[in-house]
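Contents: one structure, followed by commentary.
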Amino acid sequence: LLQLPTVIAEADRKLSDSSLIISILASYLTQNGGSLGDVIELYPEQRTIAMETGKEIISHPNMYEIMRARDLSKKQQEDARIEQKWRKWVDEHFIHLIVPNVYRSWNECIQMFRWFGEAGQWDKVVPAWERYTTIYLGSVAMYFLSKKLRK
5 LLQLPTVIAE ADRKLSDSSL IISILASYLT QNGGSLGDVI ELYPEQRTIA
55 METGKEIISH PNMYEIMRAR DLSKKQQEDA RIEQKWRKWV DEHFIHLIVP
105 NVYRSWNECI QMFRWFGEAG QWDKVVPAWE RYTTIYLGSV AMYFLSKKLR
155 K
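Here the sequence shown is numbered in my numbering, starting from 5 and rising by one per residue.
Shown next as structure tokens:
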């Protein structure tokens with residue numbers, strides 16, 4: 005199953021969690037030198053097996069932290085802690101509320117993906133066949149995901 009967003013980084017490392025991607029990119033931008041691969045190493049994978057399903061779960065325990073090259077003031081530390089708290093809340097709670105309300109019907113799914121295409125100016129960078137594939141397959145995926153999250 006394809007997860008979005010997905011970033012392919014140095015050494016063909018695939019990152020598929022939006023919070024992890026944001027933390028890695030923000031950390032990379034605050035570093036003084038070093039490669040993206042070096043920053044990715046700061047976010048080790050933790051593999052566990054879910055007791056209910058027997059499936060492997062890959063997590064990154066520190067995925068909400070931004071690794072900075074310099075020390076932070078007390079105020080900056082508190083701001084970073086609050087940011088981590090809210091990013092985690094969005095992942096664990098808010099996303100489960102917003103998806104079923106944005107993608108309520110098939111027509112709304114299509115409308116939303118068309119808007120993504122317009123706002124992202126896909127017509128300037130993506131071939132037509134790929135745009136339509138993304139719009140319709142993305143709409144199907146989000147329609148069924150919204151139904152699943154609604155339950």
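For glycine and all other residues, C-beta sits at the position ideal for the given N, C-alpha and C.
Residue(s) in a DSSP beta bridge with residue 30: In the sequence shown, residue 30 corresponds to position 26, counting from 1. BP columns for residue 30 are empty, so no partner.
Where residue 101 sits in the DSSP three-state scheme: The residue given as residue 101 occupies position 97 in the sequence shown. It is helical.
Curious, which full-length beta strand (DSSP E) runs of at least 3 residues does the region 52-110 contain? 60-63
If you drop the 5 nearest sequence neighbours on each side, which residues of the same chain put their C-beta closer than 6 angstroms to that of residue 11? As a first step, residue 11 is located in the sequence shown; it is residue number 7 there, counting from the start. Only 19 and 25 meet the Cβ criterion.
Of the choices 47, 94, 37 and 152, whose alpha-carbon is the least far from that of residue 73? As a first step, residue 73 must be located in the sequence shown, where it is residue number 69. Among 47, 94, 37 and 152, the Cα nearest to that of residue 73 is on 37.
For residue 32, which residues in the same chain have their Cβ closer than 6 angstroms to its Cβ, ignoring the five residues on either side in sequence? Position 28 of the sequence shown holds residue 32. Excluding sequence neighbours, residue 32 sits near 40 and 43.
Using the beta-carbon count (16 or more within 10 Å), is residue 150 buried or exposed? Taking the sequence shown and counting its residues from 1, one reaches residue 150 at position 146. Buried.
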